[in-house]
Every structure is written in structure tokens, then in C-alpha cells.
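For the sequence shown, the working numbering assigns the number 81 to the initial residue and increments by one for each residue that follows. Glycine included, every Cβ here is placed at the ideal spot set by N, Cα and C.
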Amino acid sequence: MDDKAKRETHHTRPPQARQDAPVPGYSPGLEGVIAGESALCEVDEGAAGLRYRGYAIGDLAEQATFEEVAYLLLLGKLPTRKELGDFTAQLRTQWPLPGPVEAFIGVVPPSAHPMDILRTGVSLLGMTDPEASDNSREANLRKSVRLLAQIPIIIANAHRLAHAKRQVQPRPERSFAENLLDLLTDRHDDEQAKAMARVLDVSLILYAEHEFNASTFAARVAASTLTDLHASVTAAIAALKGPLHGGANEAVAAMLLEIKSPDRAERWVRDALAQKRRVMGFGHRVLRQGDARAAIIKRHAEALSRTCGDTRWYDIATVVDRIMQQEKGLHPNLDFYTAVAYLLIGIPRDLYTPVFVCSRIAGWCAHIIEQQDHNRLIRPRAAYVGPPPQAYVPLERRT
Ligand SMILES: CC(C)(COP(=O)(O)OP(=O)(O)OC[C@H]1O[C@@H](n2cnc3c(N)ncnc32)[C@H](O)[C@@H]1OP(=O)(O)O)[C@@H](O)C(=O)NCCC(=O)NCCS
81 MDDKAKRETH HTRPPQARQD APVPGYSPGL EGVIAGESAL CEVDEGAAGL RYRGYAIGDL
141 AEQATFEEVA YLLLLGKLPT RKELGDFTAQ LRTQWPLPGP VEAFIGVVPP SAHPMDILRT
201 GVSLLGMTDP EASDNSREAN LRKSVRLLAQ IPIIIANAHR LAHAKRQVQP RPERSFAENL
261 LDLLTDRHDD EQAKAMARVL DVSLILYAEH EFNASTFAAR VAASTLTDLH ASVTAAIAAL
321 KGPLHGGANE AVAAMLLEIK SPDRAERWVR DALAQKRRVM GFGHRVLRQG DARAAIIKRH
381 AEALSRTCGD TRWYDIATVV DRIMQQEKGL HPNLDFYTAV AYLLIGIPRD LYTPVFVCSR
441 IAGWCAHIIE QQDHNRLIRP RAAYVGPPPQ AYVPLERRT
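Following this line, the structure appears as C-alpha cells:
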């Protein structure tokens, strides 16, 4: 390919630009495009920030538990006490992993990233699920509950095996967040553990759903072909792993650890910006004026820092935040102060994005069900920017 052809194929310029005509509806990265209807999450740039099925995210974060929010997303209403009890009882029955998934965890290469283990683990759960190919709404709800219960177990079992730690079972008397805390960090019962579990619960509520983000859209694209729920979730996990999406929380923690102390923070950010590097945990495709979820988790991260008697990560974060707003006008997103909270809680860093999955699975499954309830195959068009029509040259005459 000559240089001119390479340049022509590289850019996102639409083909009609060659004839200087705009392409109707062309939006690189689908920015601003309304690609479907959803009753799950409303993005409100005002005080509420987000609403899940009409409920302000701030009210849910302060007053609900993650289990209630998962129920709300999947079943369309906040549960009564009885409904919530039945739902959590159902979750408990699904904790044991199928044999092939346990066996897979036993042969995973030690260097594997937990998101890759999860992607393959969920795919394997699909192969062992008795209702794998039943796409009815009822079967999809049952499969969603199974995934909600089993994803934390896959993550914890794989992590514990890789680090030669004893396996831990979730306990029925504990909440989802309390069990997750114990599974991932061996923390439970004491006062600090209670405070950590509450902040983890808040972060799960904030992570649970966010409209047509990249991973949810990936799930909906897959679901729109009428493939099965596990296949759609596998696609979503693959999309979430990237550092521009779910991988950002892990990258923020790496940054805070690299900065080490608050007095080094300003210099570090200014150097990063001078080198035109992206500072993880800032900016958002949709929430340009700030992310209400970031303000909520920031409050909790600050309070937890005091409870734990360790304000170092929070202090570094606030300096980075100040400089980013001053220099770039960019606001922190949810991942930024979540990383502060997860560092304090002691969640292993490579499990931050998998913890995001433990929560977002509720949103993904609700979207997959919603997509298939009113399905229309998602199949956009591309703006062709390749070479113009050319004559085929037989192999023996090519130079
Ligand atoms: C989330 C994100 C991908 C949104 O990207 P986007 O909508 O495509 O925004 P753009 O890439 O067009 O960014 C607009 C401008 O802000 C800058 N910018 C955006 N996020 C930035 C960041 N985190 N650090 C430094 N600069 C950033 C871009 O370089 C660009 O500047 P320019 O116009 O001078 O080139 C982007 O903000 C980002 O990469 N953030 C870091 C990763 C992250 O935290 N992801 C989690 C999202 S919830």
C-alpha cells in the first residue's frame, strides 16, 4: 500500500468528504447518537446525576443496599421486605460453581488477568447452564440471578488459588457487600470492616448501571442478534476491561501508588499533562460537567480515610483533582475516588475491574432482557474510506 493509500485508510474521514459532502448522521464513536430506548437509567446532568428506573442515584446510594438496586434493575421495582428476602435466598442457592468452572479455575495460568478469567469463566458458565439457550424473559432472569451470585465466587476462588490463600465460603447472614469484602480481603465483623463493607456497597450501587456505556452497548449489540445471555455478558466483560472504560479504576490506583505522597502529586500531574498523557479517572464521554457519582464516592472515601486513620491516598487524589480541574477543566469520574476507597479497603488491585463486574452484571442483564423484549438488530453503517474501485490484478502479474 502506498503512503497516500495508507493515509486514506487511516483516518475516520467519511467517504463523501472526498466530494466535500457531509454524511447525514455520521458521528465517530457514536458520540451523541441515540441508539435505542431504555427504561433503566436516565442521565440527568442536573443535581440528580443519574436515576435508575426513576430513583435518584444519591437516594439509592445513601438509603438502599446493592441487593435492592439489583432487584430494581432486573425486576423493575424496589422489592418489599419479603421479595428482597426471597431474592437473596435465591442468590444463596446459586453460590456453588459448576464442576467444569471449578476445574477451569484450577488450570488458569498464574499470569492471567482476573478479567480474562472472568470472561472465560462466564462463557463456561453459559456452557454448563441448564437454560443456556432459552432466551425467554423468565429464563434470562433466572440466569441473571445465577450470574449475580457466581461472579464474585469465580473472582475470589481464582484469586485465592493463584495466591495460595485458603478458600472462603460466603455466609448466608451477610449482605452481598459484606461477603464480597470477606471473599476478597478476609475482612469481616470488626468496626473497620463494617465501614468498609458500607463503602463497598455504595460503590456497587454506583457502578450498577449507566445507560448505553461501551460494555452495556456491546452486550446489547450481541443480544440484538438473539444470541444467549451468557454470550452477551461475555462480550460486555471484554469491553469493560479496557482502560478507557472499567479498567480505569485499576489504573487510578496504579497512579496513586506511583505518586506515593501528597507533596509529589502536583508535579506528577503537571508532568503527565506536559507529556500529553491521559490522567486516568478524569473526563467522561457524556458527563462533561461532572459526575454526580464521583461526588458521592468522594464523600465516602474521605470518611473511610478518617476511619482507617490513613488519609494519604485521599490527600493525593484531591491534589490531582484540583490540578486537573484547573489545567484541563476535567472533572473526576466515578473510577477516581473509588480507587481511593478500594486502596483503603485493601482490595487487590487487579480485582478492581472484576468488582465493577460484580455490580454492573445487574445492569447488563437488565439491558439484555430489555433489548430482547423489543428487539431490533443493531447494525449501523460505516463511512467507507478505503481505495476507490480498482481492477483485480491476477497473482502472477502483481509486483
Ligand atoms: C472517558 C474518556 C475516554 C472520554 O473520552 P472522549 O469523550 O472521547 O473525550 P476526548 O478523548 O474527546 O477528550 C476531549 C479532550 O479532553 C482531553 N482528555 C479527556 N480525558 C482526559 C484525561 N483523562 N486526561 C487528560 N486529558 C483528557 C483529551 O485529550 C481531549 O483534549 P484535546 O481536545 O486537546 O485533544 C476520556 O475522558 C478518558 O480517556 N478518560 C480517562 C479514562 C477514564 O477515566 N475512563 C473511565 C470513564 S468512566
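Please indicate yes or no: does the CB of residue i lie closer than 7 Å to some heavy atom of ligand 1?
i    : result
D351 : no
R373 : no
F362 : yes
H325 : yes
V225 : no
D401 : no
K321 : no
V359 : yes
R278 : no
A236 : no
R365 : yes
K408 : yes
Going by DSSP in three states, residue i sits in which element: helix, strand or coil?
i    : result
G116 : coil
V188 : coil
Y132 : strand
E122 : strand
P434 : helix
P412 : strand
F362 : strand
F256 : helix
A288 : coil
R459 : coil
S312 : helix
H90  : Unreliable positioning characterises H90 in this predicted model, as indicated by a pLDDT of 36, which lies under 50. A coordinate reading is not provided.
I427 : coil
R165 : It is Gly, not Arg, that sits at residue 165 in the sequence shown. In this structure, G165 counts as helix in the three-state DSSP scheme.
Does the separation of the CB atoms of residue i and residue j fall below 8 Å?
i    : j    : result
L164 : E147 : yes
L423 : A333 : yes
I235 : L431 : yes
I427 : N220 : no
G326 : S295 : yes
A79  : I317 : Within the shown structure, residues of the chain are numbered from 81 to 479, placing residue 79 beyond reach of any answer.
Counting C-beta neighbours from all protein chains within 10 Å, is the total for residue i 16 or more, i.e. buried, or is it exposed?
i    : result
Y464 : exposed
T305 : exposed
M207 : exposed
G129 : buried
H454 : exposed
D209 : buried
S312 : buried
L205 : buried
R161 : exposed
Looking at C-beta atoms only, is the number of pairs between the region 199-210 and the region 219-231 that lie closer than 8 Å three or more?
-> yes
Flag this pair as touching only if the region 107-117 and the region 255-275 have three or more C-beta atom pairs under 8 Å; answer yes or no.
-> no
Would you be able to state if there are at least three C-beta pairs under 8 Å between the region 164-178 and the region 211-227?
-> yes
Are three or more beta carbon pairs between the region 283-294 and the region 431-449 nearer than 8 Å?
-> yes
Does the region 141-156 come close enough to the region 394-407 to have 3 or more Cβ pairs within less than 8 Å?
-> no
Inter-stretch contact (C-beta, 8 Å, three-pair minimum) for the region 352-367 and the region 465-479 = no
Counting pairs of Cβ atoms below 8 Å between the region 359-369 and the region 122-139, do you hit three or more?
-> yes
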